[in-house]
Every structure is written in C-alpha cells, then in structure tokens.
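Engineer: Pasting a structure here, questions to come.
Below, the structure written as structure tokens:
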C-alpha cells in the first residue's frame, strides 16, 4: 500500500476554505427562503390590486348611473312644476335642493382627492420595495461571486497538492459515506442556485406587473392593501446578504 503524506498547513487551509464555503451555502439557503416569502407576498399584493380595481370599476359605474338618474329626476320635476303651475316658492325649494346636491358632490370630490393621495403614497412605497428588491438581487449576485471565488481558491490549492485528483484526496481524508454526502451537498447547492435565479426572475416579473396594474389605478382612486410584510422581508433579506458579503 502506498503511504500518502498530507501537508498540515495545506490541510488546515483547505479546511478553512471548506468552512467558509459551507457558511456561504447556509446563507444562500436562508436567502432562498426569503425570496420565496417575497414571491408569495408580491403575488398576494397583485391579487389585492386586481380585487380593488374591480371594486373601483363597480363603484364608478354605480355613481354614473346615480348621477344620470338624478339628472333625469331633476328635469322631470322642473317640467312637472311648470305644467302644474307651481309658484316661485316651490321653485326656490328645487333650487335649494340643487345647492345641497352640489355641496354633496363637492364633498365627494374631496373624498376622492384624499383617496388619490393615499394611493400615491402606497405607490411610492411600492417603488421603494422595487428598489430594495433590485438591491437584494445585486447582493445575492455578490454572494454567488464570492462562492465562485472560494471554489477557485480550492481548485488552486488542490492543483498544488500531491494528489492526482479529488477522489484520491477525499478517499485519503474521509470515509466513503462522507464522500457521498458531500457529492449530494454539491448537487443541492447547484439546484438551489437555479431555483434562486428562477425566484428572482419571477419576483421581478410580478413586481413589474404590479407596478403596471397600479399605474392604471393612479387616476381612478385608492388601492387599500398592506405593503409592510413585503418591506420587512426585503429589509431582512438585504441585511442577511450584507452580512454574507462582509
């Protein structure tokens, strides 16, 4: 049997690189979970926007019908007053009714302006969330770049060792069961990277669809939904990825 000599300093360096690599893998998996949560929250926001749009359209239709009916009723009443010979006092009552209707319409316009301002505020929050999503994506790319650097360092150290290939090194260092576990871990990491990229793409698509949908509502009224869960998820993921890059 051939005796294989392992340089202790080299082995310590490789062990340190492996620990760093595992740390990056753990952070990557946590980031993936946060991306899934973000995707779910954005999908919920999209559903809420569509529901609010349907309600707004229904309200506008009802308001238009009511105004048409009111106009018809006022015209009919004036015509009836003239035909029946009602005096000027009755006409003054009709004029007073018109003033009240005008005031009510003014109040409705004020409420509509308030709702519009609330909608604009929510739209600003959504734009902020979109910016945070872009930042999170950039930071995740930084994590993947760091992962590639660790792998390159590993390859460099290994190429300068006395081992013919990685299999020989692993067989000399660990048990066959551990080798199998490491191969499975490498496969899982590759799958996680692909899934994370898919989630990023889907998240951007949902965010874009949401922004387009909300822009259609910006001139019509308010959209009442809660962005807090999305904002907290984005902030949490951003802080996590920043820690990984340190």
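Numbering (our numbering), first residue to last: 258 to 503. A virtual CB, placed ideally from N, CA and C, is assigned to each residue, including glycine.
Please confirm if the segment 441-455 is in contact with the segment 281-288, defined as three or more CB-CB distances below 8 Å between the two stretches.
Structural biologist: With a cut-off of 8 Å, the segment 281-288 and the segment 441-455 count as touching, because enough Cβ pairs lie within range.
Engineer: Pick helix, strand or coil for residue 260, following the three-state DSSP scheme.
Structural biologist: Per-residue confidence for residue 260 stands at a pLDDT of 45, beneath the threshold of 50, marking its modelled position as unreliable; no derived number is given.
Engineer: Report yes if the C-beta distance between residue 288 and residue 442 is below 7 Å; otherwise report no.
Structural biologist: Not a contact, by the Cβ cut-off of 7 Å.
Engineer: Whole angstroms are fine: how far does the CA of residue 319 sit from the CA of residue 298?
Structural biologist: If you take the alpha carbons of residue 298 and residue 319, they lie about 32 Å apart.
Engineer: Can you list, in chain order, the residues of its chain whose CB lies under 8 Å from that of residue 452, leaving out five sequence neighbours each side?
Structural biologist: Excluding positions up to five away in sequence, the list reads 289.
Engineer: Taking 7 Å as the threshold (C-beta atoms), are residue 292 and residue 465 in contact?
Structural biologist: No, Cβ-Cβ distance for residue 465 and residue 292 is not below 7 Å.
Engineer: Any heavy atom of the ligand SAM closer than 6 Å to the Cβ of residue 296?
Structural biologist: In terms of ligand content, the structure shown is empty, and the ligand SAM therefore cannot be addressed.
Engineer: Tell whether a beta-carbon distance below 7 Å holds between residue 400 and residue 277.
Structural biologist: No, they are not a contact pair.
Engineer: Mapping DSSP to helix, strand and coil, what is residue 422?
Structural biologist: Note: residue 422 maps to coil in three-state DSSP.
Engineer: If I measure Cβ to Cβ from residue 325 and keep anything under 7 Å in the same chain, skipping five residues before and after, which residues do I get?
Structural biologist: Here the set comprises nothing.
Engineer: Whose C-beta lies closer than 6 Å to the C-beta of residue 273 among residues of the same chain, with five residues either side of it excluded?
Structural biologist: Nothing meets the Cβ criterion.
Engineer: Considering only their Cβ atoms, is the gap separating residue 459 from residue 296 smaller than 7 Å?
Structural biologist: Cβ distance < 7 Å, so residue 296 and residue 459 count as in contact.
Engineer: Short of 8 Å in beta carbon distance, which residues of its chain neighbour residue 450, apart from the five on each side in sequence? Order them along the chain.
Structural biologist: Cβ within range, chain order: 285 and 401.
Engineer: Here's the rule I'm using: 16 or more other beta-carbon atoms within 10 Å means buried, otherwise exposed. How should residue 394 be labelled?
Structural biologist: Result: buried.
Engineer: Can you list, in chain order, the residues of its chain whose CB lies under 7 Å from that of residue 410, leaving out five sequence neighbours each side?
Structural biologist: Closer than 7 Å at the Cβ level, and outside the excluded window around residue 410, lie 274.
Engineer: Please name the residue in 388, 328 and 374 whose C-alpha comes closest to that of residue 359.
Structural biologist: Selected option, being the one with the closest Cα: 328.
Engineer: At the level of alpha carbons, what is the spacing between residue 302 and residue 370?
Structural biologist: Rounded to the nearest angstrom, the two C-alpha atoms are 23 Å apart.
Engineer: Quick one: is residue 364 buried, meaning 16 or more other Cβ sit within 10 Å of its Cβ, or exposed?
Structural biologist: With fewer than 16 other Cβ atoms within 10 Å, it is exposed.
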